[in-house]
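From first to last, the protein sequence lines stand for chains S and C.
Note that the numbering used here has the first sequence beginning at 1, numbered continuously upward.
Note that the numbering used here has the second sequence beginning at 1001, numbered continuously upward.
There are 2 protein chains.
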Amino acid sequence: MSKIKLGKNTSKKDVIIKKSSALFKTKGFNAASMRELADAVGVEAPSLYNHIGSKSELLQTICFKVANEFTTQLTETENKKCSITDKIELIIRFHITMMLDKFDEVFVANHEWKHLQEPFLSNFLNQRRNYEKRLVAIIEEGIAKKELKNINPYVAVLTLLSAVRGLEFWQRHKKNISIKVLEDDMVTHLLKGITML
Amino acid sequence: MSKIKLGKNTSKKDVIIKKSSALFKTKGFNAASMRELADAVGVEAPSLYNHIGSKSELLQTICFKVANEFTTQLTETENKKCSITDKIELIIRFHITMMLDKFDEVFVANHEWKHLQEPFLSNFLNQRRNYEKRLVAIIEEGIAKKELKNINPYVAVLTLLSAVRGLEFWQRHKKNISIKVLEDDMVTHLLKGITML
DNA sequence: TACAAAAACTAATATGCGTTAGTTTTGTTA
DNA sequence: TAACAAAACTAACGCATATTAGTTTTTGTA
Chain S
1 MSKIKLGKNT
11 SKKDVIIKKS
21 SALFKTKGFN
31 AASMRELADA
41 VGVEAPSLYN
51 HIGSKSELLQ
61 TICFKVANEF
71 TTQLTETENK
81 KCSITDKIEL
91 IIRFHITMML
101 DKFDEVFVAN
111 HEWKHLQEPF
121 LSNFLNQRRN
131 YEKRLVAIIE
141 EGIAKKELKN
151 INPYVAVLTL
161 LSAVRGLEFW
171 QRHKKNISIK
181 VLEDDMVTHL
191 LKGITML
Chain C
1001 MSKIKLGKNT
1011 SKKDVIIKKS
1021 SALFKTKGFN
1031 AASMRELADA
1041 VGVEAPSLYN
1051 HIGSKSELLQ
1061 TICFKVANEF
1071 TTQLTETENK
1081 KCSITDKIEL
1091 IIRFHITMML
1101 DKFDEVFVAN
1111 HEWKHLQEPF
1121 LSNFLNQRRN
1131 YEKRLVAIIE
1141 EGIAKKELKN
1151 INPYVAVLTL
1161 LSAVRGLEFW
1171 QRHKKNISIK
1181 VLEDDMVTHL
1191 LKGITML
């Protein structure tokens, strides 16, 4: 068998990861069984192990793929020559895009990371803590430059991250509101508030 | 044995519910075992069943207790004679208080509700949907009265709810920031934004 | 002290889980 | 077509789970 996959450009392993993302999101990591996953893939459960090492490994793959995407994008934004306000807007918009484009994976990374085994659990948490610290630094710079109000930067980061994360509840209203309105209104809300003055 | 509990005013059932809240929060509903819960209570697993009906029942109790508290408070706020902005501030502050005072229970209601069995699952989701609709109505009234910017009310509710919910990540910075600063800065952020102008 | 209810215990059951072992089928290349 | 590897299959193992049954201990009251 050739080492280079022909035909469709996705390996069976990719299919398994994709299906497991959806399953872990819907039922939670522990409640999702390998037999269910096998059903979704269209195979018997033991056959999965021809492609993956373990159930845990699936979770690791999903969580770190997401974490790395966020980290990479943050580095790019940090290096941009623009105002702090613009940087924050870029970050908000990237989070929204990720939530909408890779919903299952981001959801799993947000909710099921606690079922990672060591040392992956510690790695993941460190990576997330680091991400937050870099966001705090950006907010602090904005305050120092008088671009932003003198609020606590940790509170601001918490509020920003939590708000965009809440997009996981979005699907319900999908039909009524365009993604553009969603993004624009959320950016406005988080930067300028909702009150008139 | 008397029917009225003497001494401490909490029954063993209350202890079990409290301990299960903490356990479900830490490990998740499925990963938390009745043996662990029994350990935490200081008893063998089967003894729990002298006080409770089932593991599922524990989750139901936790979720609906929280849901009812939020619903009750919202009704009170709706009936208040004050500006829309003040109502929103009241709601934000109540959510923050709940997150800080009943962290375990609120966390479980937010994260583990999906493991509720029918018909409790549907009931819970209906109750939550109804809560959101009432919040949207408040925002809409604020927009109509020109108190609030003309943003999409669903997006605003999503942003507000998600932001306060994010307080579940709070414990990390607890030492550095007082609850007052936290509340005030978050209210400012969500009402007036973070940019200077 | 004797009774009765509450609540603890031990033992066991049925079920579902992730995973392994061993075998057969499938598909590609020589 | 023969050979070989990839990937499917069936069967089964060992373990952990929630829960039940049956019994004993504890506890409060008459």
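Cβ atoms here follow ideal geometry from the backbone N, Cα and C, with glycine treated the same way.
Contact belief for residue i with residue j at Cβ below 8 Å, rounded distance in angstroms
i          : j          : result
C/Ile-1179 : C/Ile-1138 : With 8 Å as the limit, C/Ile-1179 and C/Ile-1138 do not qualify as a contact, their Cβ atoms being about 25 Å apart.
C/Val-1187 : C/Glu-1089 : 6 Å
Short Cβ contact (8 Å threshold) for residue i with residue j
i          : j          : result
C/Val-1136 : C/Lys-1025 : no
C/Thr-1195 : S/Glu-132  : no
S/Ile-177  : C/Asn-1152 : yes
S/Glu-112  : S/Gly-53   : no
C/Asn-967  : S/Ala-31   : No statement about residue 967 of chain C is possible, as the shown extent of chain C runs from 1001 to 1197 and does not include it.
S/Arg-134  : S/Glu-78   : yes
C/Cys-1063 : C/Phe-1124 : yes
C/Lys-1192 : S/Gly-42   : no
S/Val-13   : S/His-51   : According to the sequence displayed, residue 13 of chain S carries Lys and not Val. A contact, by the Cβ cut-off of 8 Å.
S/Ala-163  : C/Ala-1163 : yes
CA-to-CA distance, residue j to residue i, given in whole angstroms
i          : j          : result
C/Leu-1100 : C/Lys-1018 : 15 Å
S/Glu-36   : S/Leu-23   : 8 Å
S/Gly-166  : S/Gly-142  : 24 Å
S/His-115  : S/Ser-122  : 11 Å
S/His-95   : C/Gln-1060 : 33 Å
S/Ser-20   : S/Ala-40   : 9 Å
S/Leu-158  : C/Leu-1161 : 13 Å
S/Glu-105  : C/Lys-1080 : 42 Å
S/Asn-110  : S/Lys-65   : 12 Å
S/Lys-149  : C/Ser-1011 : 49 Å
C/Pro-1046 : C/Glu-1118 : 25 Å
C/Trp-1170 : C/Gln-1127 : 26 Å
C/Met-1001 : C/Ser-1033 : At C/Met-1001 the pLDDT is 34, less than 50, meaning the model places this residue with poor confidence and gives no usable figure here.
S/Ile-16   : S/Phe-120  : 20 Å
S/Val-181  : S/Arg-129  : 31 Å
S/Lys-198  : S/Ala-144  : Past the edges of chain S, shown from 1 to 197, lies residue 198 of chain S, and the structure says nothing about it.
C/Cys-1082 : C/Asp-1185 : 22 Å
S/Tyr-49   : S/Phe-70   : 30 Å
C/Met-1098 : S/Thr-97   : 31 Å
C/Glu-1057 : C/Glu-1044 : 19 Å
S/Glu-168  : S/Leu-190  : 17 Å
C/Glu-1140 : C/Glu-1183 : 24 Å
C/Thr-1072 : S/Leu-74   : 41 Å
Taking a Cβ distance cut-off of 9 Å, strictly less, list which residues of the segment 1144 to 1166 of chain C are near chain S, in chain order. Lys-1146, Glu-1147, Leu-1148, Lys-1149, Ile-1151, Asn-1152, Tyr-1154, Val-1155, Ala-1156, Leu-1158, Thr-1159, Leu-1160, Leu-1161, Ser-1162, Ala-1163, Val-1164, Arg-1165 and Gly-1166
Return the residues of the segment 1028 to 1062 of chain C that lie within a Cβ-Cβ distance of less than 9 Å from chain S, sorted by chain order. Gly-1028, Phe-1029, Asn-1030 and Ala-1031
Ignoring anything shorter than 4 residues or poking outside the segment 2 to 75 of chain S, list the alpha helix (DSSP H) runs there in chain order. Correct list: 12 to 27 and 34 to 41.
Compile a chain-ordered list of the residues in the segment 73 to 101 of chain S whose CB is closer than 9 Å to at least one CB of chain C. Answer in chain order: Thr-85 and Ile-88.
Any residues in the segment 105 to 116 of chain S with a beta carbon nearer than 9 Å to a beta carbon of chain C? Which ones, in chain order? Result list: His-111, Glu-112, Lys-114 and His-115.
Can you give, in chain order, each stretch of the beta strand (DSSP E) that sits fully within the segment 120 to 192 of chain S and has at least 3 residues? Counting whole runs of 3 or more residues, the segment 120 to 192 of chain S contains no beta strand (DSSP E) stretch at all.
Anything in the segment 1177 to 1195 of chain C with a Cβ closer than 8 Å to a Cβ of chain S? List those residues in chain order, please. Hits within the stretch, in order: Ile-1177, Val-1181, Leu-1182, Asp-1185, Met-1186, Thr-1188, His-1189, Leu-1190, Leu-1191, Lys-1192, Gly-1193, Ile-1194 and Thr-1195.
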